[in-house]
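Engineer: So the sequence shown is numbered by UniProt numbering: it starts at 1 and just counts up by one. We put the beta carbon where it would ideally sit given N, CA and C, even for glycine.
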Amino acid sequence: MKRSLHDSEPIRWRDVWSLRDMRIALPARALSLLGDTVAVSVLMLDAAESRSASHVTGILAAFAAPLLLLAAPAGRLVDSRDSRTLLVSGGLLQVLASAGLVWSPSYAAQLGFVVLLQCGQVVTGPTWLALIPRIVGESRVATAIAMSQTLGAVAGLVGFAVGGTLYDRIGPHWTMSIDTASFALLVVAALLVSTRRAVAQERGPAGATGPCGGTRAVLADRVIALFLLSLLLFVTTAEASNVAEPILIVQDLGADGTAYGLVGSYFAAGSILGPTLAGRIRTQAGRLSGAVVTMLAVGAVLAYVGTVRSVAALVPAYFAFGIAVGVLNVLISTVLMLRAPEAIRGRVMSLVSGAARGASMLGLLLGGALVAGLGGRQAYVVLGIASAAVAPLALLARRQLRGEPTARPAHASPVPADPAAEVAAS
């Protein structure tokens, strides 16, 4: 599962955007995230109107559970079935689920349709990701992922704003109807993409077969195993800060909801800028080093947040936090995508996504416990120290990479010599 990438020529965004299939796939993936975000915001607002905390919790659980529980079987599907078939069938499932949410007769039915919606997402998400190297070629993967993450961050920011605004103006039913149309457009995009991925007959690494093959292959790669462990611990600590954030702003600093929204908007702005910076790193060693620096930076920012005395001081801190998270998302995705053999990329990305979702949920529990026991300020300081303490694991992954041979292994995925020419000819 060892892989090295030599990038000497800078890859510009327009080089990736010049590929016809990327001009379809990137907006389609962003549209998928936009639709998901609109659905979350509408359903959360609808549940909040019931004044039932259990309803809100149920909606969040319904969105998270399929991504956590179905990651492994979804990854096997991605690696064993034609990508167009998966994207179209998964998209149609999301259309059906979204249409059901328009007129769901009860809260129980609503939960069922949300689960159905996420069953489609757990397949289409990694399918789009695994298709990227086939479209652009491995030398352009980092830039393509940076573009995808940037568009995804914009889609998430716009999705919450649009979802809330439409909910107030036209109500939940019409808003979900528009959301249903966005999922239908995804099906059209899947049919238009000419590049296809079907790797069922391709030989994967030893131990990659069977229900747990993807997990065994990941754990056999010491670089990925160490990096993934550091990632999951980092997600747990960083996610815990989401619980401390409103407590710090409202209770400790005495600010209001507007200030809370302002801080969040600066974080979102930073997360849009971050992927652009990460896309400039051209080697795997550089990406692992960048991850170490980013984790240390996040630790410093979180610890600093625990000492601030005004909301004004939070604004630059959360802008830097957003940049760091945006950078780290791209570095993680690129390292994992290029390390994983083509035959198991779907399983690897699904495994990481599901594990990260589990770490995120654990982080929320950790944050609640820390805030309850220490308060908002002290919780931030502890989480900052914990986030920085994770960085040495990523550094170990970097050192492990240094001892590997630089030759590309025989199981490297087939990539066209000139992706632009091949796509243009199709």
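Within 8 Å, do at least three Cβ pairs link the region 297-312 to the region 387-401?
Structural biologist: Contact holds: three or more Cβ-Cβ distances are below 8 Å.
Engineer: DSSP three-state label for G375, please.
Structural biologist: Three-state DSSP puts G375 in coil, outside helix and strand.
Engineer: Out of I272, T236 and G322, which one is the CA nearest neighbour of V263?
Structural biologist: Of the candidates I272, T236 and G322, the one whose C-alpha sits nearest the C-alpha of V263 is G322.
Engineer: Does the region 165-185 come close enough to the region 54-71 that 3 or more CB-CB pairs lie under 8 Å?
Structural biologist: No, the region 54-71 is not in contact with the region 165-185.
Engineer: Span of the alpha helix (DSSP H) holding T175?
Structural biologist: Residues V141 to L192.
Engineer: Whole angstroms is fine: what's the gap from V88's alpha carbon to L273's?
Structural biologist: Near 32 Å, if we compare the C-alpha coordinates of L273 and V88.
Engineer: Shortest alpha-carbon distance to S360 belongs to which of T195, Q118, T236 and L67?
Structural biologist: Cα-wise, what sits closest to S360 is T236.
Engineer: Evaluate the contact criterion for the region 107-119 versus the region 187-195: three or more CB pairs, one atom per stretch, below 8 Å.
Structural biologist: The region 107-119 is not in contact with the region 187-195.
Engineer: Distance, Cα to Cα, A206 vs F227?
Structural biologist: Below a pLDDT of 50, predicted positions are generally treated as unreliable, and A206, at 49, falls in that range; no measurement from the model is reported.
Engineer: Express the C-alpha separation of I344 and Q201 in angstroms, rounding to a whole number.
Structural biologist: In this prediction, Q201 scores a pLDDT of 48, lower than 50, which makes its location untrustworthy; the coordinate-derived value is nonetheless stated afterwards. Those two C-alpha atoms are separated by around 12 Å.
Engineer: Taking only the alpha-carbon atoms, compute the straight-line gap between P126 and S353 and give it to the nearest angstrom.
Structural biologist: So the two alpha carbons sit approximately 9 Å from each other.
Engineer: Measure the Cβ-Cβ separation of L129 and V292 and say whether it is below 8 Å.
Structural biologist: No, the Cβ-Cβ distance between L129 and V292 is not below 8 Å.
Engineer: With distances taken from CA atoms, which of V193, R282 and L19 is nearest S139?
Structural biologist: With distances taken between Cα atoms, S139 lies closest to R282.
Engineer: Return the CA-CA distance between A142 and V315, expressed in angstroms with no decimal places.
Structural biologist: Going from the Cα of A142 to the Cα of V315 covers about 29 Å.
Engineer: Rounded to whole angstroms, how far is the Cβ of residue 427 from the Cβ of L393, which I believe are closer than 8 Å?
Structural biologist: Lying outside 1 to 426, the shown extent of the chain, residue 427 is not represented and no answer is given.
Engineer: Indicate, with yes or no, if the ligand GDP has a heavy atom lying under 7 Å from the CB of A65.
Structural biologist: In the structure on display, the ligand GDP does not appear, and there are no ligands present to speak of.
Engineer: Reducing DSSP to helix, strand and coil, say where W128 ends up.
Structural biologist: In this structure, W128 counts as helix in the three-state DSSP scheme.
Engineer: Please state the DSSP three-state secondary structure of T255.
Structural biologist: The question names Thr, but residue 255 is Ala in the sequence shown. DSSP places A255 in coil when its eight states are reduced to three.
Engineer: With a threshold of 7 Å on Cβ separation, who are the neighbours of L362 within its own chain once the five nearest residues in sequence on each side are excluded?
Structural biologist: For L362, where only same-chain residues beyond five positions count, the Cβ hits under 7 Å are T236.
Engineer: In three-state DSSP terms, what is P105?
Structural biologist: Here P105 sits in coil by DSSP.
Engineer: Have a look at L131 and R197 and give me their C-alpha separation to the nearest angstrom.
Structural biologist: Roughly 6 Å separates the two Cα atoms.
Engineer: Look up A62 in the DSSP assignment and say whether it is helix, strand or coil.
Structural biologist: Helix at A62.
Engineer: When burial is assigned at 16 or more other CB atoms within 10 Å of the CB, is A320 buried or exposed?
Structural biologist: Result: buried.
Engineer: With distances taken Cα to Cα, identify the nearest neighbour of L331 among M349, Q284 and R347.
Structural biologist: Nearest C-alpha to L331: Q284.
Engineer: Note down the Cα distance separating A155 from A244, rounded to an integer number of angstroms.
Structural biologist: In a straight line, the C-alpha of A155 is about 25 Å away from that of A244.
Engineer: Where does T307 land, buried or exposed, given buried means 16+ other C-beta within 10 angstroms?
Structural biologist: Exposed, by the Cβ-count rule.
Engineer: Can you give the beta carbon distance from V123 to V162, rounded, assuming they're within the 8 Å contact cut?
Structural biologist: Actually they are not in contact, since the Cβ atoms of V123 and V162 sit about 25 Å apart, beyond 8 Å.
Engineer: Out of curiosity, what's the CA-to-CA distance linking S289 and R14?
Structural biologist: Spanning the two alpha carbons is a distance of roughly 27 Å.
Engineer: Using C-beta distances below 6 Å, list every residue in its chain close to V305, excluding the 5 sequence neighbours before and after it, in chain order.
Structural biologist: Excluding sequence neighbours, V305 sits near A317 and Y380.
Engineer: Assuming V95 and S177 form a contact by the criterion Cβ under 8 Å, report the distance between their Cβ atoms to the nearest whole angstrom.
Structural biologist: Contact doesn't hold; Cβ gap of about 11 Å is too wide.
Engineer: In whole angstroms, give me the CA-to-CA distance for A25 and T150.
Structural biologist: So the two alpha carbons sit approximately 14 Å from each other.
Engineer: Note the first and the last residue of the continuous alpha helix (DSSP H) segment covering S18.
Structural biologist: Taken as a continuous stretch (DSSP letters only), S18 belongs to no alpha helix (DSSP H), as it is neither H nor E.
Engineer: Is the beta carbon of I249 less than 8 Å from the beta carbon of Y260?
Structural biologist: Going by C-beta atoms, I249 is nearer than 8 Å to Y260.
Engineer: Look at the alpha carbon of A420 and the alpha carbon of V136, and state the distance between them as a whole number of angstroms.
Structural biologist: Bear in mind that a pLDDT of 35 at A420, under 50, signals an unreliable position, so the model cannot answer this.
Engineer: Please classify R169 as buried or exposed, where buried requires at least 16 other C-beta atoms within 10 Å of its C-beta.
Structural biologist: That one is exposed.
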